[in-house]
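Here's the structure we're looking at; comments come further down.
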Amino acid sequence: MNYHDSERMAGLLERDGYRAAATEAEADVIVVNTCSVRERSVDKLYSRLGELRDRWASRRDRPLVAVTGCVAQQEGERLLRRDRSVDVVLGTQRVADLPALLRRARESGRAAVNINPRDDVQVPLGVARPSDPVRAWVTIIEGCNEYCAFCVVPYTRGHERMRPVAEILAEVEEAARTGRREVQLLGQIVNHYLAPDEAGCDFAELLARVSAVPGITRVRFASPHPRHVSARLIEALRDLPKVCKHLHLPVQSGSNRILNAMRRRYTREEYLDLVARAREAVPGVTISTDMIVGFPGETAADFDRTLDLVGQVRYQAMYSFKYSPRPNTLALKRMPDDVTEAEKARRLLELQRLQGAIQADWHASLVGTTAEVLVDGESRRRPWELAGRTSGNTVVNFPGPRLWVGRLLPVRIVEGGPNSLKGRVVDPPVAGGQSC
605 MNYHDSERMA
615 GLLERDGYRA
625 AATEAEADVI
635 VVNTCSVRER
645 SVDKLYSRLG
655 ELRDRWASRR
665 DRPLVAVTGC
675 VAQQEGERLL
685 RRDRSVDVVL
695 GTQRVADLPA
705 LLRRARESGR
715 AAVNINPRDD
725 VQVPLGVARP
735 SDPVRAWVTI
745 IEGCNEYCAF
755 CVVPYTRGHE
765 RMRPVAEILA
775 EVEEAARTGR
785 REVQLLGQIV
795 NHYLAPDEAG
805 CDFAELLARV
815 SAVPGITRVR
825 FASPHPRHVS
835 ARLIEALRDL
845 PKVCKHLHLP
855 VQSGSNRILN
865 AMRRRYTREE
875 YLDLVARARE
885 AVPGVTISTD
895 MIVGFPGETA
905 ADFDRTLDLV
915 GQVRYQAMYS
925 FKYSPRPNTL
935 ALKRMPDDVT
945 EAEKARRLLE
955 LQRLQGAIQA
965 DWHASLVGTT
975 AEVLVDGESR
985 RRPWELAGRT
995 SGNTVVNFPG
1005 PRLWVGRLLP
1015 VRIVEGGPNS
1025 LKGRVVDPPV
1035 AGGQSC
């Protein structure tokens, strides 16, 4: 979601007469877009501001520095007291005001701050400057009403606001018109979606409508909440060919006691039942998750329940983190952070080792199979290779020319790695052929 917000801000600045600077040294404005989900992200912001301050310490023509995103929303004017080099502080609900605040700061010579909430979630069509040649991100919900005990998002993103289905479809059609083959629908809890402009259009119906847009070959979404995964959503995942067979189900813990303390409002038994129903209904569906270790009060026995759940589910991918206290949250207010950093680190390493072994087994089982891969671009590590993703969201690297970017290609898997696969294209397309 932060990447997409950055695309919006880039588009707004271009509309106001700016152009992208080739290097930081040439910039008149530097925008630092932030996340505050974890403490490490906040620390990185202050390190970055220190780098910028030191770089221009002896120059009078320094660029304006704008801090945007969740840390800006969370800290507001406190950012100015901590770092006087900040010229603009822009909250998560005021993205459209970035050009105006920069003008105000430049003309007045004083810092400009706006973190006031706003219910309007409409974005002018075409304002975002896509950073991905193949994929478009489309926000369908802003904010969150869940208030999980560990999560700062409701305090930085505000309460839930749904975008009209007509506006979402117009943005998807614009993505297809500009050559994007895949759309990823975004929301803090994406499967909460209910169209404010059309009764009866829930998230499953929205998936069907997005799938029907000509030119779009794949539809993904992030991130659903397990307790809101309906039978209709599972049916949409099963029945709509363009909807990718991947379901991200953040569980956070395998212990019922910790799930209750986190205010997740489901049990491990209910979660395991959901996984079983999804796998039974959608053969081959891949399931990924988020996991927190070291939540306040988590005992060794609680952590063992997490390891046991991971062993039962056997996730295809996992994002795992050490708990860190976040401002305003229930956990910070009511629960002592009583698991030591050393123990958090030990538990995280044990969890990641288990998940690594599961992923290695999963990737090894795919060797010899053929998968349909949407080519994203060049491989991160080898410039002579391309990279793409399967419907199940597994990365595949394979040799091929750059003109294949944006195509759906059959790729035979020849090797499984810890985090990705290697393959070779079956029946390579002829040069100059049309995208499929």
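With the numbering used here applied, the sequence shown corresponds to residues 605 to 1040, in that order. Ideal Cβ placement from N, Cα and C applies to all residues, glycine included. Quick caveat, the model's predicted, so the values are computed rather than measured.
Original post:
Could you give the C-beta distance for Arg842 and Ala885, rounded to a whole number, given that I count them as a contact under 8 Å?
Top reply: 5 Å
Subject >> Leu683 (DSSP reduced to helix, strand or coil) >> reply: helix
Original post:
Quick check: the stretch 784 to 795 against the stretch 812 to 831, are there 3 or more CB pairs under 8 Å?
Top reply: yes
**OP:** Check Asn1001 in the structure and name its three-state DSSP category.
**Re:** strand
Subject >> Neighbourhood of Ala676 by C-beta distance below 8 Å, restricted to the same chain and skipping five residues each side >> reply: Thr638, Leu683, Val693, Leu694, Gly695, Thr696 and Ile719
Original post:
In terms of DSSP beta bridges, what is Val1012 paired with?
Top reply: According to the sequence provided, residue 1012 is Leu. The question's Val does not apply to it. DSSP, once it has assigned bridges, lists Leu978 as partnering Leu1012.
Original post:
Taking buried to mean at least 16 other C-beta atoms within 10 Å of its own C-beta, is Asp609 buried or exposed?
Top reply: buried
**OP:** Can you tell me which of Asn997, Arg867 and Ser857 puts its alpha carbon nearest to the alpha carbon of Val977?
**Re:** Asn997
Subject >> Bounding residues of the alpha helix (DSSP H) (the contiguous stretch that carries Tyr875) >> reply: Arg872 to Ala885
Original post:
Quick one, are the C-beta atoms of Gly981 and Ala991 less than 8 Å apart?
Top reply: yes
Original post:
Apart from the five residues just before and just after Val917, which ones in its own chain have a Cβ nearer than 6 Å to its Cβ?
Top reply: Val879
Original post:
What did DSSP end up calling Gly1036 once you bin it into helix, strand or coil?
Top reply: Low local confidence applies: a pLDDT of 48 at Gly1036 is under 50, so the model's placement there is unreliable, with the coordinate-based value given in what follows. Three-state DSSP puts Gly1036 in coil, outside helix and strand.
Original post:
Who are the Cβ neighbours of Arg1028 in its own chain at under 8 Å, not counting the five residues just before and after it?
Top reply: Phe1002, Pro1003, Val1015, Arg1016 and Val1018
Original post:
What is the C-beta distance between Ala840 and Val847, in whole angstroms, given that I count them as a contact (C-beta under 8 Å)?
Top reply: 6 Å
Subject >> Enclosing alpha helix (DSSP H) for Ala826 [first to last residue] >> reply: Taken as a continuous stretch (DSSP letters only), Ala826 belongs to no alpha helix (DSSP H), being part of the beta strand (DSSP E) at Arg822 to Ala826.
Original post:
Which class does Glu771 belong to by DSSP, given the choice of helix, strand or coil?
Top reply: helix
**OP:** Just the C-alpha distance for Arg733 and Gly615, rounded to the nearest angstrom, thanks.
**Re:** 5 Å
Subject >> Cβ neighbours of Ala780 in the same chain (closer than 7 Å, five flanking residues each side left out) >> reply: Val817, Pro818, Gly819 and Ile820
Original post:
What number of angstroms, rounded off, separates the C-alpha of Lys1026 from the C-alpha of Asn749?
Top reply: 41 Å
**OP:** Let me know the secondary structure DSSP gives Gly673 once reduced to three states.
**Re:** strand
Original post:
Would DSSP call Lys948 helix, strand or coil?
Top reply: helix
**OP:** Spell out the partners DSSP gives Ser892 in its beta bridges.
**Re:** His852 and Ala921
Original post:
Counting along the chain, where does the beta strand (DSSP E) carrying Gly654 start and finish?
Top reply: Looking at the DSSP string, Gly654 is not in any beta strand (DSSP E); the run it does join, the alpha helix (DSSP H), is Glu643 to Arg659.
**OP:** Using alpha carbons as the reference points, say which of Asp658, Ala631 and Ala961 lies closest to Pro1022.
**Re:** Ala961
Original post:
Can you give the beta carbon distance from Val669 to Ser689, rounded, assuming they're within the 8 Å contact cut?
Top reply: 6 Å
Original post:
Among Glu681, Arg710, Leu837 and Met605, which one has its Cα closest to the Cα of Val633?
Top reply: Arg710
**OP:** Say whether the stretch 733 to 747 touches the stretch 767 to 786, bearing in mind that this needs 3 or more beta-carbon pairs closer than 8 Å, one atom from each stretch.
**Re:** yes
Subject >> Host beta strand (DSSP E) of Glu786 (start-end) >> reply: Glu786 to Leu790
Original post:
Using the rule of at least 16 other Cβ atoms within 10 Å of the residue's Cβ for burial, across every protein chain shown, is Val1034 buried or exposed?
Top reply: exposed
Original post:
In this structure, does DSSP put Leu1025 in helix, strand or coil?
Top reply: strand
Original post:
Going by DSSP, which residues form a beta bridge with Gln716?
Top reply: Inspection of the sequence shows that residue 716 is occupied by Ala rather than by Gln. Answer is Val692, bridged to Ala716.
Original post:
Assuming Ala740 contacts Arg784 under a Cβ cut-off of 8 Å, what Cβ separation, rounded to an integer in Å, is found between them?
Top reply: 4 Å
Original post:
Can you tell which of Ser735, Arg822, Arg883 and Cys752 has its C-alpha closest to the C-alpha of Ser857?
Top reply: Cys752
**OP:** Could you have a look at Gly615 and say whether DSSP puts it in helix, strand or coil?
**Re:** helix
Original post:
Going by DSSP, what residues sit across from Gly1020 in a beta bridge?
Top reply: Leu1025
Original post:
Under 8 Å, do Met922 and Thr890 count as touching if we go by C-beta distance?
Top reply: no
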